[in-house]
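Notes follow the structure.
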Amino acid sequence: MTRYQVSADIGGTFTDIVIQPSDGPAFVNKVPTTRENPAEGVINGISGVIPDLSAIDYFVHGTTVGLNAFLERRGERVLLLTTRGARDSYVIARGNRDALYDLRYQKPEQLVPRRDVHEIGGRL
Numbered sequence: 002m003t004r005y006q007v008s009a010d011i012g013g014t015f016t017d018i019v020i021q022p023s024d025g026p027a028f029v030n031k032v033p034t035t036r037e038n039p040a041e042g043v044i045n046g047i048s049g050v051i052p053d054l055s056a057i058d059y060f061v062h063g064t065t066v067g068l069n070a071f072l073e074r075r076g077e078r079v080l081l082l083t084t085r086g087a088r089d090s091y092v093i094a095r096g097n098r099d100a101l102y103d104l105r106y107q108k109p110e111q112l113v114p115r116r117d118v119h120e121i122g123g124r125l
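In our numbering, the protein residues as written are 2 to 125.
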């Protein structure tokens with residue numbers, strides 16, 4: 002009996018499914034994302050290819066839906082936990098900048114306001 006490894010990426014518009022059968026080449030399927038119930042889109046993308054879902058040995062999924070909501074500042078409030086003493090590292094935001102010496106550079110708005118950045122003991 003053919004066994005399968007399946008991976009899914011749930012996006013805002015489409016859900017991408019990669020199915021690797023034990024006895025053949027990988028298959029890629031793209032189906033519309035079902036916003037009301039993202040799992041439904043995944044099942045739709047798999048069941049059209051694998052008739053018996055119990056033949057799946059390995060399943061992994063990711064989603065850009067949550068990341069997009071975070072980046073677009075939609076959804077719930079989030080907190081950022083950081084190692085004690087490093088709270089302002091996020092605010093300072095020393096990183097790669099396209100225009101390192103541009104005097105008109107405007108630092109982008111923080112994704113997490115400073116009031117929602119909390120220090121805890123130990124290393125993270």
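Where a beta carbon is used, it is the ideal one built from N, C-alpha and C, also for glycine.
What is the DSSP secondary structure of S48, reduced to helix, strand or coil? By one-based count along the sequence shown, residue 48 stands at place 47. The answer is helix: DSSP assigns S48 an H, G or I state.
Looking at C-alpha atoms only, which residue of L68, I51 and V43 is the closest neighbour of L112? Counting from one through the sequence shown, the residue named residue 112 turns up at place 111. Here the closest residue by C-alpha is L68.
DSSP on A87, reduced to helix/strand/coil? By 1-based counting over the sequence shown, the position of residue 87 is 86. Reduced to three states, the DSSP call for A87 is coil.
Evaluate I18 with the Cβ neighbour count: other Cβ atoms within 10 Å of its Cβ, from every protein chain shown; 16 or more gives buried, anything less gives exposed. As a working note, residue 18 is residue 17 in the sequence shown. Under this definition I18 is a buried residue.
From A56 to I44, what distance separates their C-alpha atoms? Taking the first residue of the sequence shown as 1, we reach residue 56 at position 55. Taking the first residue of the sequence shown as 1, we reach residue 44 at position 43. Rounded to the nearest angstrom, the two C-alpha atoms are 14 Å apart.
May I ask which residues mark the beginning and end of the beta strand (DSSP E) holding N30? Looking up residue 30 in the sequence shown gives position 29. Start and end: F28 to P33.
Excluding the 5 residues flanking G12 on each side, which residues of the same chain have their C-beta closer than 8 Å to its C-beta? As a first step, residue 12 is located in the sequence shown; it is residue number 11 there, counting from the start. Cβ within range, chain order: T34, T64, T65 and V66.
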